[in-house]
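As they're listed, the protein sequences go chains A and B.
One point on numbering: in this note's numbering, the residue at position 26 of the first sequence is 1309, and numbering is uninterrupted.
One point on numbering: in this note's numbering, the residue at position 15 of the second sequence is 1298, and numbering is uninterrupted.
For glycine and all other residues, C-beta sits at the position ideal for the given N, C-alpha and C.
Here is the structure we will look at, set down as C-alpha cells.
Number of protein chains: 2
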Amino acid sequence: MPRTTRKTDRPDDAASLEAATNAGALGPLHAYVGYALRRAQLAIFQDFIRTLAEVDLRPAQFSVLTLIDAHPGILQSRAAAALGIQKANFVPLIGELERRELTRRVPVDGRSNGMHMTPKGRALLKRARALHDRHHARVTASLGDAELRRLIDVLERLAAVDGAPAH
Amino acid sequence: MPRTTRKTDRPDDAASLEAATNAGALGPLHAYVGYALRRAQLAIFQDFIRTLAEVDLRPAQFSVLTLIDAHPGILQSRAAAALGIQKANFVPLIGELERRELTRRVPVDGRSNGMHMTPKGRALLKRARALHDRHHARVTASLGDAELRRLIDVLERLAAVDGAPAH
DNA sequence: TCATAGTGTTATGGTGTATAACTGTTAGAG
DNA sequence: CTCTAACAGTTATACACCATAACACTATGA
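This is how it looks when you write it as C-alpha cells:
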C-alpha cells in the first residue's frame, strides 16, 4: 500500500504531542476564536460545577436563581428569553428548582406565572454566591481588572453575532 | 435563532423586566465571565454550524480534520487528548469521518491507530476552510486585530484554570 | 364575539460530555 | 521467559443542554 513518502515513522512522538497539548501545535486551531471559546468555557464550567457541587447547583440553575432573586415575580417566558433559553427547556429547569423548594410559581393571570424565591432558596443562593466568589476569583486570577472588563465587553459583542436567517 | 424573541424595546408592563433591561438586565449575571463565555460560545457555534452546513461539518468534526491535517498519523488517543475530548467519545466522531471516507485509520501496532486524511478529506477540508474564513471574518468583524490577539491570549489563560483534582 | 397572540407544557431528537467496564496489546520487572 | 501492569481502542450508559413542533388554555382587542 502506497504510504505517503513522509519519512516519519513516528506518527507523533511524545515531544510532539507534548507540544500539541500545551503550545500551539494544534495547527491553525489555536487561532480560532470559537475553538478558544469552547476550551475556555468548558474549563470554567468544570471549575464552576466542582466549586458549587456542595450546593448542588449547575450553571443554568445558578443563573436562574440569580435572575429571579434580582427580579422577583419575573415571568417564566421573560426569564427564559433573558437567559437565552427556550421556554420549553425552561420548564424542567424551573420544575427542579421548585421541587427542591428553592423557588415557587405564583400565577399572575390564567396563563402566566411569576417566579419567586423561597426563604430556603434565598439561603441556598447566599451560600452559592460565596462559593461562586471563590470560583470567580480563581478564574480571574490571571486577569487584571481592566482586562476583565474588556473581556466581558468583547464577549458580549461576540454574542451578538447572530447571523440567523429567517425560517 | 432564539434571538428573534429578544425585545429591544421596552414593554412597560412588567416592572421587574423593565429594570432588567437597562441597568444590567441580568442582575449580577452580566459580570460573570462564565456566563458571558457561554453566551458568546453559543452564538459563535450557531454561526459556525450554519456557515459550514453545506459541507456538513460540525465544530468538533472540523477541529478533528484540522488536527489530523496538521499532524498526519497522529494517534486517536493523542488527538483526543489534544482536543480535550474523552477517548470514548472520540470513537463515534472519528468513526463517522471514516464512514464518510474523509479520514482513515492505519494500525501503528497491535493496539494503536494512526489517523490520516484521505484525498476526499483534504478536498472537503479545503472547502471547509474557505467557509470557515467567512465565518471567522463575520465573527471578528467587531474586533480589532490587536483586540483579537488579546482575546485569544486571555481565553487560553482562562482555559488553563484547571483546578481539577486528580482523575 | 371571535380570531389572534401570548404562556406554559409535553414530547422528541440530536449533540456533547463524563464514567465505567471490557478486549486485546505492549512493555517491563522479576 | 513469564507474568503483571499499563496502554489503546471500544462499547455501553447516563445526564445535561439545545432546538423544534404541536398542543391546551388564556387574554386581548378589533
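Outcome for residue i when other beta-carbon atoms lying within 10 angstroms are tallied against a minimum of 16
i	result
A:Val-1374	exposed
B:Asp-1330	buried
B:Asp-1352	buried
B:Gln-1369	exposed
A:Arg-1394	exposed
A:Arg-1417	exposed
Proximity test, Cβ basis, 9 angstroms: residue i and chain A
i	result
B:Asp-1352	yes
B:Leu-1380	no
B:Ile-1377	no
B:Gln-1344	no
B:Ala-1319	yes
B:Thr-1349	yes
B:Pro-1390	no
B:Arg-1341	no
Proximity test, Cβ basis, 9 angstroms: residue i and chain B
i	result
A:Ser-1299	Note on A:Ser-1299: pLDDT 40, under 50, position unreliable in the model; the coordinate value appears next. Answer yes: the Cβ-Cβ gap between A:Ser-1299 and chain B drops below 9 angstroms somewhere.
A:Phe-1331	yes
A:Phe-1373	no
A:Arg-1468	Because chain A spans 1284 through 1450 in this model, residue 1468 of chain A falls outside it and cannot be assessed.
A:Val-1437	yes
A:Pro-1402	no
A:Val-1316	yes
A:Gln-1359	no
A:Glu-1430	yes
Endpoints, beta strand (DSSP E) assigned at residue i
i	result
B:His-1313	That residue, B:His-1313, is in no beta strand (DSSP E); it is neither H nor E in DSSP.
B:Gly-1397	1396 to 1400
B:Val-1389	1386 to 1390
Residues near residue i by beta carbon distance below 7 angstroms, same chain, minus five either side
i	result
A:Arg-1387	Glu-1381, His-1399, Thr-1401
A:Ala-1365	Leu-1350
B:Ala-1306	Bear in mind that a pLDDT of 36 at B:Ala-1306, under 50, signals an unreliable position, so the number given afterwards is only what the model happens to contain. Closer than 7 angstroms at the Cβ level, and outside the excluded window around B:Ala-1306, lies no residue.
Alpha helix (DSSP H) segment containing residue i, residue limits
i	result
A:Arg-1432	1428 to 1442
A:Val-1338	It is not in any alpha helix (DSSP H) - A:Val-1338 carries neither H nor E in the DSSP assignment.
A:Thr-1423	Taken as a continuous stretch (DSSP letters only), A:Thr-1423 belongs to no alpha helix (DSSP H), as it is neither H nor E.
Chain-order list of residues whose beta-carbon lies under 6 angstroms from that of residue i (same chain, five-residue window excluded)
i	result
A:Arg-1333	none
A:Ile-1327	Val-1422
Residue i beta carbon near the ligand MN (any heavy atom closer than 8 angstroms)
i	result
A:Leu-1335	This structure lacks the ligand MN; in fact it carries no ligand of any kind.
Cβ shell of residue i (< 8 angstroms), same chain only, five flanking positions each side left out
i	result
A:Leu-1348	Leu-1340, Leu-1380, Leu-1385, Thr-1386, Met-1400, Gly-1404, Leu-1407, Leu-1408, Ala-1411
A:Gly-1356	Val-1389, Val-1391, Gly-1397, Met-1398, His-1399
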